[in-house]
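In this text, residue positions in the sequence shown follow our numbering: the first is 9, and each later residue adds one.
Yeah, the Cβ is synthetic: ideal placement off N, Cα and C, and Gly gets one too.
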Amino acid sequence: MLWDQHACVELVETADLGDLRRYRPAGGGLVSVNVGYAPHGPAVTASLLRAFRSQVERIDGLALAADVDDVDRIAGAGDTAVVFDLEDCAPLGGDLDAVGMLVAQGVRTLAPTYNHANIAGSGCLDTADDGLTAWGRDLVRELNRRGVVPDGSHVGARTATDMCAVSTRPVVYSHSNVRAVWDHPRNITDDQARAAADTGGVIGITGVGIFLGPNTPTLSAMSRHLEHAVEVVGIEHVGVSTDFSFDWETFREVLATSPELYDASYTAWGPVQWMPPETFLDLGAHLRDRGWHDGDVAAVLGGNFRRVARESWHPLL
Ligand SMILES: [Zn+2]
Numbered sequence: 009m010l011w012d013q014h015a016c017v018e019l020v021e022t023a024d025l026g027d028l029r030r031y032r033p034a035g036g037g038l039v040s041v042n043v044g045y046a047p048h049g050p051a052v053t054a055s056l057l058r059a060f061r062s063q064v065e066r067i068d069g070l071a072l073a074a075d076v077d078d079v080d081r082i083a084g085a086g087d088t089a090v091v092f093d094l095e096d097c098a099p100l101g102g103d104l105d106a107v108g109m110l111v112a113q114g115v116r117t118l119a120p121t122y123n124h125a126n127i128a129g130s131g132c133l134d135t136a137d138d139g140l141t142a143w144g145r146d147l148v149r150e151l152n153r154r155g156v157v158p159d160g161s162h163v164g165a166r167t168a169t170d171m172c173a174v175s176t177r178p179v180v181y182s183h184s185n186v187r188a189v190w191d192h193p194r195n196i197t198d199d200q201a202r203a204a205a206d207t208g209g210v211i212g213i214t215g216v217g218i219f220l221g222p223n224t225p226t227l228s229a230m231s232r233h234l235e236h237a238v239e240v241v242g243i244e245h246v247g248v249s250t251d252f253s254f255d256w257e258t259f260r261e262v263l264a265t266s267p268e269l270y271d272a273s274y275t276a277w278g279p280v281q282w283m284p285p286e287t288f289l290d291l292g293a294h295l296r297d298r299g300w301h302d303g304d305v306a307a308v309l310g311g312n313f314r315r316v317a318r319e320s321w322h323p324l325l
């Protein structure tokens, strides 16, 4: 099973989710599709969830998953299970009760902040990080209670480490590479990785060029980040996510026109390059060529994030 913990389509109701069929690994899989981030409020996110869910229900080869048994059944048939994630708490509109509605619509992972501070805490591009706020602590507890996985990607280092201390369930970095291999503000330190692993969480190494190296979305660059993460936190705590933008042209425009969300670390190496799903599908073979054992490849490509889901999701609450 290939488990992509974070991928992006254009955040408009008319986005074509048929593109997700580009993930067709032989053993089936899962993709967590982003359905909102910092600029979005509750109404936009609810509308996107409705539109995306109804598309997935109609598209052959894709199916909505509510729990891990669903994922196993869908992947077992060679299809791609779809769940959703959020980057930033803005889609909650400051209301913790909104978490329950989002869970009912398939959201399974949430990062409290997106690059910059909000009511929950600080972002990874902020110069100062005062840690998780009192509201942010309540948010992590509500995520635990509702079966949503707290996500440290885009979150400031201190805020994310506070999340690990508060959370009673695994905390993940859904799409974050390691700073020891490539020094980028979106990448995480070894200490951040260890704190998440101590909760039972997983570090999802991504295929985005500017986070892998000087805009180099290659399998060998991805393997270097994976191998460092495995060395630091162990094979049970490392996973993968493409962070692929199916709407890459739109995303490049957003980068150029939204200085309030991004800084020069996103544009200093030219237009962002992503690893396409077709290349990502070859990652297992590439790792085996580097001497990885089959069991380790399976854990990193799917088994570890599946374990976090098994320990965290309980959507019937
Ligand atoms: Zn992201």
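Cβ-Cβ distance between residue i and residue j below 8 angstroms
| i | j | result |
| --- | --- | --- |
| alanine 5 | glutamine 200 | Outside the modelled stretch of the chain, which goes from 9 to 325, sits residue 5, for which no answer is possible. |
| threonine 121 | aspartate 159 | no |
| glutamate 244 | alanine 307 | yes |
| leucine 19 | glycine 44 | yes |
| threonine 197 | alanine 237 | no |
| arginine 149 | valine 174 | yes |
| glycine 215 | phenylalanine 288 | yes |
| leucine 57 | valine 64 | no |
| methionine 9 | glycine 35 | yes |
| serine 55 | aspartate 93 | no |
| tyrosine 274 | leucine 263 | yes |
| aspartate 255 | valine 17 | yes |
| histidine 183 | serine 249 | yes |
| leucine 227 | histidine 294 | yes |
| glutamine 13 | arginine 61 | no |
| valine 210 | glycine 247 | yes |
| tryptophan 282 | serine 253 | yes |
| glycine 139 | aspartate 170 | yes |
| tryptophan 11 | phenylalanine 313 | yes |
| aspartate 172 | aspartate 146 | A quick correction: the sequence has cysteine, not aspartate, at residue 172. Contact: no. |
| arginine 202 | valine 241 | yes |
Between the CA atoms of residue j and residue i - distance to the nearest angstrom
| i | j | result |
| --- | --- | --- |
| glutamate 21 | glycine 299 | 44 angstroms |
| aspartate 137 | glycine 144 | 13 angstroms |
| alanine 188 | proline 279 | 23 angstroms |
| threonine 141 | alanine 125 | 10 angstroms |
| proline 99 | aspartate 297 | 42 angstroms |
| aspartate 68 | glycine 221 | 36 angstroms |
| valine 91 | valine 115 | 6 angstroms |
| tyrosine 31 | glycine 37 | 8 angstroms |
| aspartate 80 | threonine 135 | 42 angstroms |
| arginine 153 | glutamate 95 | 19 angstroms |
| phenylalanine 219 | asparagine 185 | 6 angstroms |
| valine 107 | leucine 151 | 7 angstroms |
| glycine 303 | aspartate 103 | 42 angstroms |
| histidine 162 | alanine 119 | 7 angstroms |
| valine 52 | alanine 46 | 11 angstroms |
| leucine 269 | asparagine 123 | 7 angstroms |
| alanine 85 | proline 267 | 44 angstroms |
| proline 284 | glycine 155 | 30 angstroms |
| arginine 29 | alanine 89 | 11 angstroms |
Any chain D beta carbon closer than 8 angstroms to residue i
| i | result |
| --- | --- |
| histidine 301 | The structure shown contains no chain D, having only a single protein chain. |
Is the stretch 177 to 197 touching the stretch 308 to 324 in the sense that three or more CB pairs, one from each, lie closer than 8 angstroms?
-> Two segments are said to touch when three or more pairs of C-beta atoms, one from each, lie closer than 8 angstroms; by this definition the stretch 308 to 324 touches the stretch 177 to 197.
Specify whether the stretch 128 to 146 and the stretch 73 to 80 touch according to this definition: at least 3 beta carbon pairs, one from each stretch, less than 8 angstroms apart.
-> No contact exists between the stretch 128 to 146 and the stretch 73 to 80.
List in chain order: all unbroken beta strand (DSSP E) runs of 3+ residues lying wholly within the stretch 163 to 234.
-> Listed in chain order, the complete beta strand (DSSP E) runs (minimum 3 residues) inside the stretch 163 to 234 are 211 to 214.
In the stretch 41 to 77, which residue ranges form an unbroken beta strand (DSSP E) of at least 3 residues, counting only runs that do not cross its ends?
-> The DSSP assignment places complete beta strand (DSSP E) segments of no fewer than 3 residues inside the stretch 41 to 77 at 70 to 72, in order along the chain.
Run through the stretch 74 to 160 for me and flag every whole alpha helix (DSSP H) of 4 or more residues, listed as ranges in chain order.
-> As far as the stretch 74 to 160 is concerned, its whole alpha helix (DSSP H) runs of at least 4 residues are 76 to 84, 106 to 112, 142 to 154.
Taking the runs of the alpha helix (DSSP H) that are 4 residues or longer, which of them lie wholly in the stretch 254 to 316?
-> Listed in chain order, the alpha helix (DSSP H) elements of length 4 or more contained wholly in the stretch 254 to 316 are 256 to 265, 285 to 288, 291 to 297, 302 to 306.
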